[in-house]
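The sequence shown begins at 121 in the working numbering and counts up by one.
Glycine included, C-beta positions come from ideal geometry on N, C-alpha and C.
One structure is given below, encoded as structure tokens.
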Amino acid sequence: MDVISNILGAIKLNAHVFMHSDFYGFWAIDTSGTNKATFHMISRGAAWLHLPDEKEPLALYCGDLVVFPNDAPHCISSAVEPPTINMINNQPGDMTLGGSPTGLVCGYFEFERHSWNPLLNSLPDVMVIKGEEVSKTALMSTVIECIVFEVESQYEGRNAMIDKLSEVLFIHIIRNHIQSGASRGSYLGALADKQISVALTCIHEQPGNSWSVEMLAQKTGMSRSMFSNKFHQLVQMTPMQYVACWRMQRAHEQFTNTNKSVAQVAESFGYQAESSFSKAFKKHFGYGPGVARKK
121 MDVISNILGA
131 IKLNAHVFMH
141 SDFYGFWAID
151 TSGTNKATFH
161 MISRGAAWLH
171 LPDEKEPLAL
181 YCGDLVVFPN
191 DAPHCISSAV
201 EPPTINMINN
211 QPGDMTLGGS
221 PTGLVCGYFE
231 FERHSWNPLL
241 NSLPDVMVIK
251 GEEVSKTALM
261 STVIECIVFE
271 VESQYEGRNA
281 MIDKLSEVLF
291 IHIIRNHIQS
301 GASRGSYLGA
311 LADKQISVAL
321 TCIHEQPGNS
331 WSVEMLAQKT
341 GMSRSMFSNK
351 FHQLVQMTPM
361 QYVACWRMQR
371 AHEQFTNTNK
381 SVAQVAESFG
391 YQAESSFSKA
401 FKKHFGYGPG
411 VARKK
């Protein structure tokens, strides 16, 4: 299994669309403050994106996709001037006001709270993927078209379909970020690196192996020092810190999904002593294996 699929399985990605409507007249919405990674699609018409750190608003048009991976403050509005707080009501507006409507599809991605999420942490606070860029990627464009079709349909099972399509959309957002080259110098950049990606794949495929920096460096064909430096530069942790972190994620998954004992899980991830494993687990998550089993 590839590294991204491996991580997505561990962090338990879920996605939901919570609003889809045509907005008329003056309107303004702000979905920040939810502790979720929200996204907005412009399905028709146009809008303005207001960000606290930007002097000028950004024009959004039909086909554009905006993502806030880390719940950044924002406002999307019909007005070029930044709306005041009391103007933001998250309502579609009065249809009788006439004019051309703006279609919005709003949703969010969520993950297990305890999960270490290098994918989300590698994304910028604000991502604007223009319609022209989306159209260049046939699969991503098709997924968005399907989401818009489903939200406007009355077919049975549409809510489940929309949520599953939105999960697929997140994967396309990750792919698009890697392929655009914007991920350089980050974890996603490490996945695109021919040498470091080999080490990451080894760790993910065999987390219980007795890995050492020397062994991983050998797998990549690099010297120990060059490998260690490059790995840390891209992943923001040492190779052995990453090994330990991934082991803990997989161990948590086993406590949640299996009836294996602490000793069995500890052994499967290379720990000879149950006490050493339990101590490392508690240090990583802030609670012990017994609590993890109840979550």
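So, residue i versus residue j, is the Cβ gap smaller than 7 Å?
i	j	result
E265	I282	no
A166	I196	no
P193	P177	no
A130	E373	yes
E272	K156	no
L240	P202	no
F389	R413	no
V263	L285	yes
V385	A371	yes
G251	S163	no
L320	V123	yes
S242	D191	no
M260	H292	yes
E232	K380	no
H140	V225	yes
Could you have a look at residue i and say whether DSSP puts it in helix, strand or coil?
i	result
V225	strand
F397	helix
R164	strand
M357	coil
F389	coil
I208	coil
Y362	helix
H404	helix
A179	strand
L194	According to the sequence provided, residue 194 is His. The question's Leu does not apply to it. Looking at H194 - three-state DSSP - the assignment turns out to be coil, as it is neither helix nor strand.
V200	coil
V246	coil
E230	strand
T154	coil
L171	coil
For residue i and residue j, which I take to be in contact (beta-carbon distance under 8 Å), what is that distance rounded to the nearest angstrom?
i	j	result
H104	V186	An answer regarding residue 104 cannot be provided, because it is not within the stretch 121 to 415 covered by the chain.
F401	G408	6 Å
Q369	S235	7 Å
D150	I208	5 Å
T154	Y228	7 Å
I127	P221	About 39 Å separates the two Cβ atoms, so there is no contact after all.
T358	S345	Actually they are not in contact, since the Cβ atoms of T358 and S345 sit about 12 Å apart, beyond 8 Å.
**OP:** Evaluate contact between the stretch 133 to 140 and the stretch 177 to 187, counting only Cβ atoms and requiring at least three cross-stretch pairs below 8 Å.
**Re:** With a cut-off of 8 Å, the stretch 177 to 187 and the stretch 133 to 140 do not count as touching, because too few Cβ pairs lie within range.
Original post:
Mind pulling the beta strand (DSSP E) runs of 3 or more residues that sit fully within the stretch 122 to 150?
Top reply: Within the stretch 122 to 150, the complete beta strand (DSSP E) runs of at least 3 residues are 134 to 143.
**OP:** Could you name each continuous alpha helix (DSSP H) segment of 4 residues or more that falls completely within the stretch 310 to 358, going from the start of the chain to the end?
**Re:** For the stretch 310 to 358, whole alpha helix (DSSP H) runs of length 4 or above, ordered along the chain, are 316 to 325, 333 to 340 and 344 to 355.
**OP:** Decide yes or no for the touch test of the stretch 310 to 320 against the stretch 330 to 340: beta carbon pairs closer than 8 Å, at least 3 of them.
**Re:** The stretch 310 to 320 is in contact with the stretch 330 to 340.
Subject >> Residue ranges of each alpha helix (DSSP H) within the stretch 259 to 302, 4 or longer >> reply: With a minimum length of 4 residues, the continuous alpha helix (DSSP H) runs that stay inside the stretch 259 to 302 are 278 to 299.
Original post:
Do three or more CB pairs link the stretch 326 to 334 to the stretch 139 to 152 at distances below 8 Å?
Top reply: Contact check between the stretch 326 to 334 and the stretch 139 to 152: fewer than three CB pairs, one atom from each, fall below 8 Å, which does not count as touching.
Original post:
Hey, is the stretch 349 to 367 in contact with the stretch 301 to 312, meaning 3+ C-beta pairs nearer than 8 Å?
Top reply: Taking 8 Å as the limit for Cβ pairs, the verdict is that the stretch 301 to 312 does touch the stretch 349 to 367.
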